[in-house]
Every structure is written in structure tokens, then in C-alpha cells.
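Trainee: For reference, the structure I am asking about is given below.
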Amino acid sequence: MSQAPIGRTATALLSTAAAAAILAPLFVWNPGALDDVRIDGGVLALVVAAATLLQILITRRAPCAPPGTWLVAAALSFGLLPLLFVPWSENAAGLADRAPLLAAAALAGLAASSLIAPARVLAMIVVGCALASLIALLGALGFDPFAWVPWVGAPPVAPYTGVNHASELLTPLMVAAAVLLPPPRRAALLWVAVLLCGFHAGALGTLAGRLSITAGLGLAAWRLPTARFGTALLAASFVLGELMRGVFLPMPSAAPAATSALPPSLAIRAELTQAALAQIPERPIGIGLGRFEASYPEWRSQEEARLANNDWKSRDFRAPKTLHDDPLQLLLECGWLGGALLLAALLLLVRSAPAWFLAPLGAFAVHAVVRAPLLDNPPALALFALLAGFAARASAQLLLVEEPRRALAAGLLIGAGAFVALIPARGEIVGEWAVAEALDAEQEDPAFWLARATQVRPWDTRSWELRGLGYLGAALADTSTGADPGESWEYARRCFEQALARQASSVSALTGLVQVEMIAPDGDRARGIELLARAERLAGHHPAVRGARRAWLESVRALHEAEGQARIAQSRTGAGEWLLSASLTEARVLLLSNEPARALLALERAASIVPAHRALIERTARKPGLDDALLQELTLRLFPGWPGNLSMVNAGR
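Going by the numbering used here, 502 is the number at position 486 of the sequence shown; the sequence numbering is gapless.
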């Protein structure tokens, strides 16, 4: 199983492919993409599949398998078991998000195979990231020839996905450069690029970046005395970036009102961690690989939802994609046994790794426990895979000699994984670009692009939500002008149903479908009430959910008022009950619209309609903290069968 010698051209091709796994996702940048990470994951899969095929053609051998491959494969297999109990339509999106893990395993195999030189690959990555950092810094200063800056005053990020994503790639890269590249005296120009990356990492101003660079450079200086001069230069460049941060970063927006002594970002992480720790003992086999985003809303705290969504102005109410803690999330998704196997694989790698590897591993570890470089940042994942593969070379060669059959089987496994990762790649790339095109303010036919997004990526909940909201907006506009909405109501219903089939906890789809069922001529009001109750269990305080309840209550108010007026006109009994219900419902609508003064006036009118219940209504109106829940309780005390049955209780209550 020993590898055949390869020429310089082949080495250069494989080295370029390895570097492209990190750089290509960076430069395939779309400022309008809602989730650039998914584009990056698709590009990573394409590049790694091409590199794996090239490796096989050149060496005529199966890819090399680093130690721990079987442990990782077993852990991920255990993570697939819970998915057997969930409909396939709900699993596809999560599996597509985890596909980059397969690509990363193949990339680690390429790095472990001794076909490429670590210093050469790392030099190409450093130069590419320095170029990306230069573009980002100049863009923050107003020089944006590629029109990559997503909005005026954006932080110095593009073409990196976000501030945290940039930090998660740059700080471990700097540490790896300190221990693997030639010293500054021998590669001065290359170190200029490294120092630019360090300056950019400092200018980002992330707490995780500060901790990461401290841990990584500290380990490098301790373990490798020859790297101390380089680590000192990098520390200086990082500090200089920190000092210059105000030049590149805009003033932070107002944070949500504090409800604890912790800053909002730490409070969010504390809530996430607490929720996950409560689930782990109850789910020994895990929730399933890639299931976090779909499962978390069911046990999400209202406080974390409020903090994560800031001022809650957006209807696009999203749950976090990740737990902001890679080890904890993998334990939650893969279960107790899967988590133990992943830990064993890491210990096996560290035990046989060279001294230099602990420094970038320490930098990665900091990011891994405060966000998600391995699950939500494909360039950072690719860098980790390369460094892990370089560290595993000696052990990998021993495995090839001592256990050739096992090594061959493992190599075939990770080679197959590289091509399996291709399955969702096209949909992720084309689908995300189509959504970005549809949301472009100058786009004349967004419906075409949203239809394209759902066609190439039918597993994506957000694409169906956006398409449904488009039809819903068209139906509401036509209805308000007296025009015939045609089939817009039915199209909106189908799109929201498709979204809920993929993510049953989608608040955006739930509230959209509630509107359809409550307003459409053929709407199912009973179903709308049921959907509204589900949305309120998930996010009862969110404006979109409160708005859906307000719209439903307004429809009830109008119906009850019309019935009361009709009974008066026809001299029929029961008019008072219907008008009382209409006034109470009007008060609830006004409270949900943040108009408490007008709500009290509505309660005064209600108290005068049926004198027998005047005292009860007035006592409720005087209660401190009057809200919709109190008025709902009052309404049900008066009308136990509300909203359909308005038979009143006895007056003495």
C-alpha cells in the first residue's frame, strides 16, 4: 500500500487543490446570500471531490485514511440512527448541512498521504487569506470595486461569511503559520501576508479571537522555541489590529435590554448550553445528525429567543443553526456513544501528533467551545482537516504498512464520502444564489428565482417560506384592492405546507399559514386556530405570532359585531352577548397592538353592555399588568364555549 512517487506537476496540482478547498469557498461570495455558509459547503464538496479524483488518478491507490477514521465513521453512523424515526423530508436539510464533514475527512486523507508539502500548501492559503483580508479592510474604508460589502457600514468581513467566521479561520491559520512556515528572515514577503491576516483578526475585535490567539501562540512559544520570534510578530500585528479596530468597525447597534448580569452574547450561549445539557441525559442515542436546527425550537427558552432576535422586528424568526459549541452539539446529535467515539478519535490523533500540532489545535479548541467552526464554517473546517491530516502522517504510514487491508477499506470509505458530499452541493450553491437573486431590490421577477430555489433545493425550509410569503403578499394586495387573488391563496398554502413538512417548528411558515386559513375565502378556521396555538407554544411573545393572533381576533371581533348588529336589526334575542364578545375581543386586539388606553375604553363599553357582569369586567380592567392572557381568561369565564358558543354563565361569578 505504499504510495508511488509522483512528479512535481502532480504535487503542484494536489497542493493547489488542497489550498483551493479553503480559498474557493471564500471567493465564491454573494453579498445577498441569506446563508453564505451553505454556498461554502457546496463549493468545498466540489473542490474536495475533484482533489480526491485527481489523487486517485495520479497514485492509482485509494485515498489514505488517517488514524481514527473508523471511530469517526462509527460515531457519525450512530448519529444517523435517530433519523430512522423521523420523516425523510425533515432530515434532508440537516444532512445537507453535515455533508462538508465527509468532504473534510477526504481532505484530511489527502493531507495525510505525503503527496503534498505542508509549508507549500499553507503558504498558498496564507496568501489567499491575506488577499481576502485586504479586500475586507479596504471595503470597510469605502473601496469596494467588487460590490461585495453587503450594506453601508458593514464590518470588515466580505468575502468572509461573518465576523466570527473570519476569526475562526484567521487565528488558527496564524498559529499554524508560526509553527509550519519558514522563519520571517527566510520568507519575508510571505510573513507580510501572515501579519496582514493577524492585523485583520485583531481588527475584528472578537473575544473568541483574543482567547484563541493567546492560547495558540502561547502553546507555540512554549512547545517550539524556534517559533518564538514569529509568534511575537503575530501577537504584535494582532494587537495593532485591536488598536485600529475603531477605524474599520462601525459603532455597535443597541443590544436587547439586559435581564441578567451577563452580556447578551454570553447570556445567549448560557441559555443554549443550559437547554442542551437538559436534553442530553434524556436522549442517550442523540437527536440525530443535523437535527439541531429543526429540533431546538421545541425546547427553546423564550429569553434566548428574545435575545437572539434582538428587537424582534423581522418576521423571519429563525432558531440558531448551531449550539455555539461544537463538542456539545456533536454529543447531542450523535448520542453518548457517538460522542465518546469522537473523543477517542481526537485523543488517538493527539497522542501520535507532532509537537507543533497542539498550537493550532488549541486555537481551534477555543473557537469550537464558543461557536461552530467545524459545523458552520466550511473554510475553517477545511483548515482543521488539512492540519489534522498533516499531523497524522507518521501514524498513517504505520497503518499502511502494518494493516494494509484495514487501511484500504478506510481509504475507500473516505473516498466514497467525498463523492457522497457532492449530492447536495449543487442544490446548496444554486439554491442560495437563487434566493439572493430573488431578494435583490432591483429584481423584476423574484417569483421565478424563488421557484428555481425550491426546484434545485426542495429540502430548504426558508426557500418555501419566502415563496409562500410572496404569494401571501400578492393575495392580500389583491384582496385589499377588490381584485380577484386568483390562485395566490392556494399557492401560498401549498408553499407553507411544504415548509412545515421540512421543519414542523418553523414559526414563519406557521404564522403565514395561519393568515391563509383565517383570511382566504376557502380557509379552514379550525386549522388556523390549531396552527396559531403551535406557533404560540414556540414563540408566543414574537411580534409575528402576536400579529397572527391579532389578525385572528380581529376577524372574530368583526364576525361577532356583525352578528350582534344583525340580531338587533331583526329584533332577535342574544344581541348583547355577541356585542359583549366583540368589545372584549376588540380590547384584546388593542392590547396586542400596544394601545392599552384604547383597550381600557373598549372594556368600559363592554361593561355597559351586560350590567350583570359589569363588576367582573371592571375588576379585570383595574388589574396591574393587564394583558391578552387576562382578557382571554375573562372571556372564557363569561363564555366557556367562546368563540363559537356564546352561552353565558350565571351573573353571580
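Every residue gets a Cβ at the ideal spot worked out from N, C-alpha and C, and that includes glycine.
Among the candidates L529, A520 and Q519, whose CA atom is the shortest distance from the CA of S504?
Mentor: Position 488 of the sequence shown, counted from the start, is the residue given in the question as residue 504. When each option's Cα is compared against that of S504, the closest is L529.
Trainee: Considering only C-alpha positions, which residue in the set L399, A78 and V173 is nearest to L157?
Mentor: In the sequence shown, counting from the first residue as 1, residue 157 sits at position 141. It is V173 whose Cα lies nearest to the Cα of L157.
Trainee: The alpha helix (DSSP H) with I229 in it runs from where to where?
Mentor: Sequence index remark: in the sequence shown, residue 229 carries index 213 (1-based). Where I229 is concerned, the enclosing alpha helix (DSSP H) stretches over L223 to R239.
Trainee: Are the segment 76 to 95 and the segment 440 to 451 touching by the rule of at least three beta carbon pairs closer than 8 angstroms?
Mentor: With a cut-off of 8 angstroms, the segment 440 to 451 and the segment 76 to 95 do not count as touching, because too few Cβ pairs lie within range.
Trainee: Buried or exposed: where does A555 fall if 16 or more other Cβ atoms within 10 Å of its Cβ makes it buried?
Mentor: Start at 1 with the first residue of the sequence shown, and residue 555 comes out as number 539. Flag for A555 reads buried.
Trainee: To the nearest angstrom, report how far apart L60 and A37 are at their CA atoms.
Mentor: For the purposes of this step, residue 60 is identified with residue 44 of the sequence shown, where counting begins at 1. For the purposes of this step, residue 37 is identified with residue 21 of the sequence shown, where counting begins at 1. Answer to the nearest angstrom: the Cα atoms are 5 angstroms apart.
Trainee: Hey, G484 and A525: beta-carbon distance below 8 angstroms or not?
Mentor: In the sequence shown, counting from the first residue as 1, residue 484 sits at position 468. In the sequence shown, counting from the first residue as 1, residue 525 sits at position 509. Yes.
Trainee: When you compare only the Cα positions, how much space is there between N46 and D52?
Mentor: The count along the sequence shown starts at 1 and reaches residue 46 at position 30. The count along the sequence shown starts at 1 and reaches residue 52 at position 36. So the alpha carbons of these two residues sit roughly 7 angstroms apart.
Trainee: Roughly how many whole angstroms lie between the Cα atoms of E570 and L429?
Mentor: Counting from 1 along the sequence shown, the entry for residue 570 is found at position 554. Counting from 1 along the sequence shown, the entry for residue 429 is found at position 413. Approximately 59 angstroms between the Cα atoms of the pair.
Trainee: Just reading off the alpha helix (DSSP H) that Q531 is part of, what are its end residues?
Mentor: Translated into positions along the sequence shown, residue 531 becomes position 515. Per DSSP, Q531 belongs to the alpha helix (DSSP H) from V523 to I535.
Trainee: For I229, which residues from the same chain have a beta carbon less than 6 angstroms from its beta carbon, with the 5 sequence-adjacent residues on both sides left out?
Mentor: Translated into the one-based positions of the sequence shown, residue 229 becomes position 213. So the list reads T187 and F254, once near-sequence residues are dropped.
Trainee: Determine, using beta carbons only, whether V572 and T527 come nearer to each other than 8 angstroms.
Mentor: In the sequence shown, the residue the question calls residue 572 occupies position 556. In the sequence shown, the residue the question calls residue 527 occupies position 511. Not in contact: V572 and T527 (Cβ atoms no closer than 8 angstroms).
Trainee: Within the same chain, show all residues whose beta-carbon is closer than 8 angstroms to that of A163, passing over the 5 residues directly before and after it, in chain order.
Mentor: Start at 1 with the first residue of the sequence shown, and residue 163 comes out as number 147. Excluding residues within five positions, the ones whose Cβ falls inside 8 angstroms are P47.
Trainee: Can you check whether the CB of P389 is closer than 8 angstroms to the CB of F380?
Mentor: The residue labelled residue 380 in the question sits at position 364 within the sequence shown. The residue labelled residue 389 in the question sits at position 373 within the sequence shown. Yes, Cβ-Cβ distance for F380 and P389 is below 8 angstroms.
Trainee: Can you give the Cα-Cα distance for A70 and A437, rounded to whole angstroms?
Mentor: Taking the sequence shown and counting its residues from 1, the one referred to as residue 70 is at position 54. Taking the sequence shown and counting its residues from 1, the one referred to as residue 437 is at position 421. It is worth fixing the name first, because residue 70 is Leu in this sequence and not Ala. Going by the C-alpha atoms only, they are around 16 angstroms apart.
Trainee: Given a threshold of 16 other Cβ atoms within 10 Å of its Cβ, counted over all protein chains shown, does E349 qualify as buried or as exposed?
Mentor: Walking along the sequence shown from the start, residue 349 turns up at place 333. E349 is buried by the Cβ-count criterion.
Trainee: For E453, which residues in the same chain have their Cβ closer than 7 angstroms to its Cβ, ignoring the five residues on either side in sequence?
Mentor: Taking the sequence shown and counting its residues from 1, the one referred to as residue 453 is at position 437. Within the same chain, E453 has close Cβ partners Q459 and W465.
Trainee: Report the start-end ranges of each beta strand (DSSP E) in the segment 374 to 462 that is 3 residues or longer and not cut off at the edges.
Mentor: Within the segment 374 to 462, no complete beta strand (DSSP E) run reaches 3 residues.
Trainee: Could you spell out the range, first to last residue, of the alpha helix (DSSP H) harbouring D494?
Mentor: Walking along the sequence shown from the start, residue 494 turns up at place 478. Here the alpha helix (DSSP H) through D494 covers T477 to S496.
Trainee: Buried or exposed for P82, please, with buried defined as at least 16 other CB atoms from any protein chain shown within 10 angstroms of its CB.
Mentor: What you label residue 82 is simply residue 66 of the sequence shown in a count that begins at 1. Burial call: buried.
Trainee: Which of the three DSSP states is assigned to M260 in this structure?
Mentor: As a working mapping, residue 260 is identified with position 244 in the sequence shown. Coil, per DSSP.
Trainee: Would you mind stating whether G232 and P300 have Cβ atoms separated by less than 8 angstroms?
Mentor: For the purposes of this step, residue 232 is taken as the residue at position 216 of the sequence shown. For the purposes of this step, residue 300 is taken as the residue at position 284 of the sequence shown. No. Outside cutoff.
Trainee: Please report the residue range of the alpha helix (DSSP H) in which D160 lies.
Mentor: To locate residue 160, count along the sequence shown from 1; it is residue 144. Note, D160: premise wrong, no alpha helix (DSSP H); not H, not E.
Trainee: Among L100, L364 and A292, which has the Cα closest to the Cα of L344?
Mentor: Position 328 of the sequence shown, counting from 1, holds the residue named residue 344. The shortest C-alpha separation from L344 is found at A292.
Trainee: Measuring CA to CA, which of G125, E106, R510 and S105 is closest to L402?
Mentor: What you label residue 402 is simply residue 386 of the sequence shown in a count that begins at 1. Considering only alpha carbons, the answer is G125.
Trainee: Ignore the nearest five residues each way along the sequence and tell me which others in S522's own chain have a CB closer than 7 angstroms to its CB.
Mentor: Numbered from its first residue, the sequence shown carries residue 522 at position 506. Result list for S522: T477, E481, A515 and L516, in chain order.
Trainee: Going by DSSP in three states, A667 sits in which element: helix, strand or coil?
Mentor: Here residue 667 corresponds to residue number 651 of the sequence shown, with the count starting at 1. The predicted model places A667 with a pLDDT of 42, which falls under 50 and marks its position as unreliable; any figure quoted below should be read in that light. In this structure, A667 counts as coil in the three-state DSSP scheme.
Trainee: Relative to the C-alpha of A251, which residue among P241, A237 and V263 is closest?
Mentor: By one-based count along the sequence shown, residue 251 stands at place 235. Selected option, being the one with the closest Cα: A237.
Trainee: Just to confirm my understanding: we take G657, look at its own chain, exclude 5 residues before and 5 after, and list those with CB closer than 7 angstroms. What are they?
Mentor: To locate residue 657, count along the sequence shown from 1; it is residue 641. Answer for G657: S663, listed in chain order.
Trainee: For the candidate residues R307, A78, L42 and C80, whose alpha-carbon lies nearest to that of V63?
Mentor: In the sequence shown, residue 63 corresponds to position 47, counting from 1. Answer by Cα proximity: L42.
Trainee: If you run the structure through DSSP and keep just helix, strand and coil, what is P297?
Mentor: Start at 1 with the first residue of the sequence shown, and residue 297 comes out as number 281. Three-state result, P297: helix.
Trainee: Nearest CA to the CA of A35: which residue from L96, S105, F245 and A396?
Mentor: Against the sequence shown, residue 35 aligns to sequence position 19. The candidate whose alpha carbon is nearest that of A35 is A396.
Trainee: I think G575 touches A564, with their Cβ atoms under 8 angstroms apart; what is that distance to the nearest whole Å?
Mentor: If you number the sequence shown from 1, residue 575 lands on position 559. If you number the sequence shown from 1, residue 564 lands on position 548. Sequence check: residue 575 is Leu here, not Gly. No, L575 and A564 are not in contact; Cβ-Cβ is about 17 angstroms, not under 8 angstroms.
Trainee: Would the beta-carbon of L111 fall within 8 angstroms of that of L305?
Mentor: Position 95 of the sequence shown, counted from the first residue, corresponds to residue 111. Position 289 of the sequence shown, counted from the first residue, corresponds to residue 305. For L111 and L305, yes; Cβs fall inside 8 angstroms.
Trainee: What residue from N180, L223 and M190 has the CA that sits closest to G144's CA?
Mentor: The residue you call residue 144 lines up with position 128 of the sequence shown. If we check each option's Cα against that of G144, M190 comes out closest.
Trainee: Out of A335, P103 and A404, state which residue places its alpha-carbon closest to the alpha-carbon of L363.
Mentor: By 1-based counting over the sequence shown, the position of residue 363 is 347. The candidate whose alpha carbon is nearest that of L363 is A404.
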